[in-house]
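S.K.: This is the structure, below, for whatever I ask next.
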Amino acid sequence: MRALREFTKGIIERNPIFVLMLGLCPALAVSTSVTDAVGMGLATTFVLVCSNVSISIIRKIIPYRVRIPCYIVVIASFVTIVKLALNAYLPDLYKSLGIFVPLIVVNCIILGRAEAFASRNGVGLSFMDGLGMGVGFGLGLVLMGFIREVIGAGELCHLRVLWKGYEPMLVMTQPPGAFLVLGFLLGLFNLLHRNLKKSKD
Amino acid sequence: MFAAVWKAIGMPATKLRSFMGGIHPLKRKELTRERPIEPIPLPGKVVIPLFQPAGKEPRPIVSKGDIVTAGQVIAEPQDGRGVFVHSSVCGKVKKVGRFPFPAGFFVTAAEVEVGEGEKPFPPMERTPEGPEIIEIIRNAGIVGMGGAGFPTHFKLKGAREAGVEFLLVNGAECEPYLTADYRVLMERTEDLISGTKLLLKASGAKRAYVAVESDKKDAYDRLGGMVPDDDVIKPVLLRAKYPQGSEKQLIEAVLKREVPAGGLPADVGVLVQNVSTACAVHDAVAFGKPLIERVVTLSGTPLKRPGNYLVRIGTLIEDLMEAAGPDRDNIGKVIVGGPMMGFSMSRLDVPVARETTGVVLLSRVEAEVEPSHQSCVRCGKCLYVCPMFLPTSEICIAVERGDYALAVKLGLENCMECGSCAYVCPSRRPLVQWIKTAKLFAKKVKK
Amino acid sequence: MSPKLAISISPHIRTRETVPRIMWTVVLVLLPAGIFSCLNFGWHVLSVIAACVITAVVLEALIQKLRGKEITISDGSAVLTGLLLAYNLSPALPIWMAIIGTVVAIAIGKHAFGGLGHNIWNPALVGRAFLMAAYPGAMTTWFPSRLAGAVDAMTYATPLNVIKQSLPQSLPSLGEMFFGIRGGCIGETCCLLLLLGGLFLLWKGYITWHIPVAFLGSLACFAVIASGGKPQAAVFAICAGGAMLGSIYMATDYVTSPVSVRGMLIFGIGCGIITGVIRKWGGYPEGVCYAILLMNSATPLIDRLTLPRAYGEAKRKVWV
Amino acid sequence: MDFGELMSIFIGVILVNNFVLSRFLGLCPYIGVSRDTSSAAGMGMAVIFVMTMASAATWFVYNYMLLPNENNVLYLLFRKMIPGITPESFDLSYLETIAFILVIAGLVQLVEMFIAKFSPALYRALGIYLPLITTNCAVLGVAQLNIAFSGQPFSLLKCVVQGAGAGVGFMIAMLLLSGIRERLELADVPPSLKGVPIAFICAGLMSLAFFGFMGLKI
Amino acid sequence: MNQIVIYSVVVLGGMGLVIGLLLSVVSRALAVKTDPNVQKILEALPNVNCGACGYPGCQGFAEAIAKGEADPAACAPGGQQVADEIAEIMGLEAREKEKVVAIIHCRGGSKCGKAATYYGLESCTSANLAGFGPSACVFGCLAMYDCIHACPFDAICLDENEMAVVDREKCVACGKCIEICPRSLIELVPVDKNYHVLCSSKDRGKAVTSICEVGCIGCTKCVKACPSDAIHMEEGLAVIDYEKCTNCGACAEACPVGAISFFAGKEVSTV
């Protein structure tokens, strides 16, 4: 039961992007299309789950003072694995994700979960936590990607979805669009959050 | 830079001295300008405030039921800064207690029922010397009559100790409507010159300038005709601009000297005194007459006979108004002082104090205030007009959001509340109100 | 008993200038340029202007209603934003794009920050920059000048386009450019009318000379230097593109420009130089809009660095 | 070395491809530390400093330890011990991510300690921002960009210039945003947009303004 | 393949070793003293240095908490767990309630007449500056509620007469309202005393009755009624000496206008 809660909390209640506001760089950079967003989400989830699990396993043998460098090395190793795998099997995706694949290392959520959760909890819970956070992150990316791709290109996963004469609003796929979409989504989440709170009271 | 542009767009090069910033409000001085000083009949009672803005409030030495004569001391100073307070009329003390004061708070005052027994003040036999004059001024209860009410003897003492070079006699009278100082300049020129010489003697200053704004050129000419060119007293003509009459701005305009923040005019070797104060000094030294009456401008459209009246200190505003024939139904606002810095009154049982320069009445139409709370559009107009060069808009935005610490950092305390900013603000923001409130709040927060 | 007295805090008299008065005056002095544009580019222009103004006003009222604030559309600021945005659009722009631009200008540029007085960027320019990024094609399709006698609507370029892309087309003479007989955005062509309006505002004291003079002056200097010392390059730089419209009506926007004199000079010079740099080396032919937006971003910092030195204080700390 | 080329790299990375506004690198500190101007200035200085140092350090690590060439340290070390070995055997370029993050983390820590000891004033101004930079993706990003997507690896000088330029660009964007946010503190922003959301909207509009420099060629 | 693994290990291990050694040597050599509390908080924090809290890194955040400037719950990655740990380190405890509470010596509110029309900011301090404010009583409450805005504990609310009253349960006697009130109407009184003079007017009887239904008219009936001699007159206003007051309520019964009333919670009740 607890495991399930650890999983679900990452999706809405403590969504990494919209609530914790962590890992925003990739959220903006690779949400130009849903395909990229899914790819990035999966890659991050993989790293998150693996690092959470391994850190949870070794959490008792790491000296307290050097724990952060140790976590970074663990995370960097998994990122390297993801990077090599993507390069080998999905070269197109790898190319379009660009430097943001290696930069998963410095994604704040991963280190954050390692420190705040995996280093204090058992393997199973850490796994669920990583999975939940990763999925939450991925869903956030997909939401952004969906908005930006549909409006900005009239496409979804690179397939035309809007009517033929639709003039794509190019700015949405560009940096200003990314910032604005995220800004307003954050505002929307704030609004929902407050309304929820109000109705609870 | 400004001067160059001024010339470039074909404006006449002007020699009139002035300061940076300031505004040109509608002056409305024509209402009372040509009205000579005229005494009003004695009222039924007067309320003589013992208040003074610096130092401890003087201690009353009369009590209920005492009979007093005009010029009799009714309160004694409690410290070196304080001055004596005199009864302005002959009569019987009815109450010594707390009474409302024009600035919006309660002060100790003595209520005197007016009776008989007025006597003229005979001329004094000999002319005293410097420090002696200062003592006479203190005994005569003379305070700055331009509006601030700061004890004159204390200012003179400070100036004498600091060794000031110049005495500025302030006849700028930049507030709209007010013409009391102008009438004093025109009608009591000789007394003014005599008073100025006494002040020079008392303060130890070498030269005196009598500063007059350009819209009172006849007063300047009259003064110029009465003092020889090589005299120690020299009239100067300044550009008519508000707030030219503020001490620091006057010094800047006449002498091009800047008083440091938190400093006094004496720091740059200057002493400033109002023309009415100079005349009061003359009265005190020549006749031994304490400060018991003053010239007050009573002006405004709801009055049938606006004018400049000689009024006993402590006369209530309602009695004063009677003298000018008020149109009671059309009075929208009663302002003690000028319309730029004066206080509006919710009640008329407040007395004329020693520093009350005028009472201005606005009609119902004129008194209407657009209650606007539009946000600041950052036009910057308040910055150009601020004679203290404060970032008024920023200060008020900080105050509006309750950040008093920021407001103080931006110079809140330096504001002299001249109101130029609020006058020009196109968003009609209550800038002065914020600043006045914030000064109180900031003091409380600091504690 | 006589009626109650009014009480308030000094000053008890006020100037007659108010924000609505200023806004409507600016709207008024801008109108001739719009009428000229109708003559120059045809009546489609009118519908673009109308679309922008109406959208702006309706949207502002709607947002203020939704937020439960007082509705202030009568102060003229929404009308002015709509008008200025329309003046910055291509005369050939489809109406629906103009509406999208206005929505962005009012909703994101103005009300996301809290409405008049709180916005950081000039809302009209936010709308224009957004459209420029969203629909670059439509925003750079131009109508030829009818007054110049052109009938061929197929390919036309503004003078700045001609320079930038080294098109074989001939440039209008400097005189023609000054009177506005050339292609370009709706409101930017007729320098004469814009200048007259600006002088009127200057005379009324609604704007000061600092920003326009610093802007145009630095732009002219930049153009002369960049062209290797040709004085006519200065006139060309000022009359071509939106420099006149931008410097007099957009850069001087109270809310988004610095308040102090020194700040305004810095702001104006910055605008002029950035415009020059973008025109000379950038990817776009015109840079006025971006220059003003960039300097808008810097306005809070400029304001902070150029706080006036308070009377009687030796030096003010910059980083308060 | 062609000065013009260096200049165009420098200007380009500040204005055209600003790290924050067009590459989305270093957003966490960009949003987090831009609430007031003085911390933004401190953070900006620290980022310029670390980015420049890190560009140089990672260039050495990459070229002398990871790339298979004649100068590879391992190759030089082992070529006597193992006969017939070629530089190609030492192709460790896949280790770049781990190596870089290690180097950067170590570097930052080292710099921090040095400053703390030798210039307490500078430490108070910069020091507190330094740990924040280890996990700043802008720093790792500049190291990655230096090697990865420029066709062939940059020369040391170009790397340093790009690093410094990226830092300067970061600082400019940060200072501008901090000024704006300080002003917005006092603005009537709709409650649900207050704080981070409006900061992102500001960043978006700033990035829109920076579009003006698109295609800038000097 | 085998070789490459070895080389990887050598490179990474070597680098780790070198950097680690270097750092440990340098950290010994360059040790700088720090606040132990900051260190403890820093250790409790996730050390992600994400900046989400708005402070420059975990170090800056820890320092801010140690100074009491930051909210320990602001750490997004740490969440509640970390917040609790920090709270423990800081030893934050619930504030103990004082034995005195604030009381506002006026109950005029909308019952007080208006002498003038006030234009300006809704603030008592501001209005009081504008010629004694709009209310007819120059002693009483201006009803623009600076005290309500000043109260950090939401302990002042409005009653049915639009008069500000102190909620005794919430009041902690911090004194903020006393500072802010421009007419000094607020005073701290013992929480166990229930009868108070809810008026500050020093005017005479007639002047009071003409503007206020519940103002003290200075009739001295309460002084006579008080069995423990706890009430005396000061400038025409009744004043209760709380040291002598026995909560008997005789004064409230005697008061003809209800200026002395029972007040123990939120509600004023006239006897």
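Residue numbers (the numbering used here), protein chains in the order written: chain Z, 1 to 201; chain V, 202 to 648; chain S, 649 to 968; chain A, 969 to 1186; chain X, 1187 to 1457.
Each residue gets a CB set at the ideal place from its N, CA and C atoms; glycine is no exception.
Output needed for S/Val752: all residues of its chain with C-beta closer than 6 angstroms, excluding positions within five of it in sequence on either side, in chain order.
M.R.: Gly775 and Phe778
S.K.: Kindly indicate which residue of X/Ser1321, X/Gly1294 and X/Lys1356 has the alpha-carbon position closest to the one of X/Asp1340.
M.R.: X/Lys1356
S.K.: Within 8 angstroms of any Cβ in chain Z, is that where the Cβ of X/Gly1264 sits?
M.R.: X/Gly1264 belongs to the set of residues whose beta carbon lies under 8 angstroms from a beta carbon in chain Z.
S.K.: In whole angstroms, what is the alpha-carbon distance linking A/Phe1068 and A/Gly1147?
M.R.: The straight-line gap separating the alpha-carbon atoms of A/Phe1068 and A/Gly1147 is approximately 33 angstroms.
S.K.: For the beta strand (DSSP E) containing V/Gly372, list its first residue and its last residue.
M.R.: Phe367 to Gly372
S.K.: Give the secondary structure of X/Met1419 by DSSP, where H, G and I count as helix, E and B as strand, and everything else as coil.
M.R.: X/Met1419: strand per DSSP, three-state reduction.
S.K.: Considering only their Cβ atoms, is the gap separating V/Pro250 from V/Ala341 smaller than 8 angstroms?
M.R.: no
S.K.: Within the same chain, show all residues whose beta-carbon is closer than 7 angstroms to that of A/Val1164, passing over the 5 residues directly before and after it, in chain order.
M.R.: Ile999
S.K.: Taking 8 angstroms as the threshold (C-beta atoms), are Z/Ile11 and Z/Arg136 in contact?
M.R.: Reading the sequence as shown, one finds Gly at residue 136 of chain Z and not Arg. In contact: Z/Gly136 and Z/Ile11 (Cβ atoms closer than 8 angstroms).
S.K.: How many whole angstroms separate the CB atoms of X/Leu1231 and X/Ala1248, which I take to be in contact at a CB cut-off of 8 angstroms?
M.R.: 6 angstroms
S.K.: Roughly how many angstroms lie between the CA atoms of V/Glu239 and V/Lys505, to the nearest whole one?
M.R.: 15 angstroms
S.K.: Is the CB of S/Ile661 under 8 angstroms away from at least one CB in chain X?
M.R.: no
S.K.: Any idea what DSSP makes of A/Ile1050, helix, strand or coil?
M.R.: coil
S.K.: Can you check DSSP and say which residues form a bridge with V/Glu249?
M.R.: Per the sequence shown, the amino acid found at residue 249 of chain V is Ile instead of Glu. Partner(s): V/Ala311.
S.K.: So, does the CB of V/Val455 fall closer than 8 angstroms to a CB anywhere in chain X?
M.R.: no
S.K.: Please go through the stretch 446–493 of chain V and give each complete beta strand (DSSP E) segment of 3 or more residues, from N-terminal end onward.
M.R.: Taking only runs of at least 3 residues, the beta strand (DSSP E) segments lying wholly in the stretch 446–493 of chain V are 471–475.
S.K.: Jot down the residue ranges of each uninterrupted alpha helix (DSSP H) in the stretch 156–181 of chain Z, minimum 4 residues, whole runs only, in chain order.
M.R.: none
S.K.: Cα separation between S/Val936 and S/Thr923?
M.R.: Going from the Cα of S/Val936 to the Cα of S/Thr923 covers about 5 angstroms.
S.K.: With DSSP as the reference, label V/Ala276 as helix, strand or coil.
M.R.: strand
S.K.: So the candidates are S/Thr788, S/Ala888, S/Ile754 and S/Val693; which of them puts its Cα closest to the Cα of S/Pro739?
M.R.: Ranking the options by Cα distance to S/Pro739, first place goes to S/Val693.
S.K.: Tell me which same chain residues have a C-beta within less than 7 angstroms of the C-beta of S/Phe826, skipping the five on either side of it?
M.R.: Cβ neighbours of S/Phe826 beyond the five flanking positions: Cys839, Leu840 and Cys887.
S.K.: Measure how close the beta-carbons of V/Ile536 and V/Val561 come, nearest whole angstrom, since I'm counting them as under 8 angstroms.
M.R.: 4 angstroms
S.K.: Short of 8 angstroms in beta carbon distance, which residues of its chain neighbour X/Ile1275, apart from the five on each side in sequence? Order them along the chain.
M.R.: Asn1223, Lys1226, Ile1227 and Ala1230
S.K.: S/Tyr783 versus chain Z: which residues are under 8 angstroms apart at the beta carbon?
M.R.: Glu167, Met169 and Leu170
S.K.: So with Cβ pairs under 8 angstroms, would you call X/Lys1300 a contact of chain S?
M.R.: yes
S.K.: Less than 8 angstroms between the beta carbons of V/Val247 and V/Thr516, yes or no?
M.R.: yes
S.K.: Give the straight-line distance between the Cα atoms of S/Met802 and V/Asp604, rounded to the nearest whole angstrom.
M.R.: Low confidence applies to S/Met802: its pLDDT is 46, below 50, so where it sits in the model is not reliable enough to give any reading.
S.K.: How big is the Cα-Cα spacing for Z/Phe18 and Z/Leu143?
M.R.: 11 angstroms
S.K.: Report the rounded CA-to-CA distance for A/Ala1111 versus A/Phe1028, giving the unit in angstroms.
M.R.: Going by the C-alpha atoms only, they are around 11 angstroms apart.
S.K.: Run the CB neighbour count on S/Asn736, radius 10 Å, all protein chains shown included, and call it buried at 16 or more, exposed below.
M.R.: buried
S.K.: Name the chain V residues whose beta carbon is nearer than 8 angstroms to that of S/Ser866?
M.R.: Result: empty, since nearest Cβ-Cβ is about 17 angstroms, beyond 8 angstroms.
S.K.: Taking the alpha-carbon positions, what's the V/Arg361 to V/Phe220 distance?
M.R.: 27 angstroms
S.K.: Identify each residue in the stretch 1304–1328 of chain X for which the Cβ-Cβ distance to at least one residue of chain S is less than 9 angstroms, and report them in chain order.
M.R.: Tyr1304, Tyr1305, Gly1306, Leu1307, Ser1312, Ala1313, Leu1315, Ala1316, Gly1317, Phe1318, Gly1319 and Pro1320
S.K.: Where in the stretch 987–1057 of chain A do unbroken runs of the alpha helix (DSSP H), each at least 4 residues long, occur, reported from the N-terminal end onward?
M.R.: 995–1000, 1005–1029 and 1041–1046, all fully within the stretch 987–1057 of chain A.
S.K.: On the DSSP letters alone, give me the boundaries of the alpha helix (DSSP H) that X/Cys1343 sits inside.
M.R.: Here X/Cys1343 belongs to no alpha helix (DSSP H); instead the beta strand (DSSP E) covers Ile1342 to Leu1344.
S.K.: Identify the contact partners of A/Leu1063 in chain X, using a Cβ-Cβ distance below 8 angstroms as the criterion.
M.R.: Here the neighbours are Ser1194, Val1197 and Leu1198.
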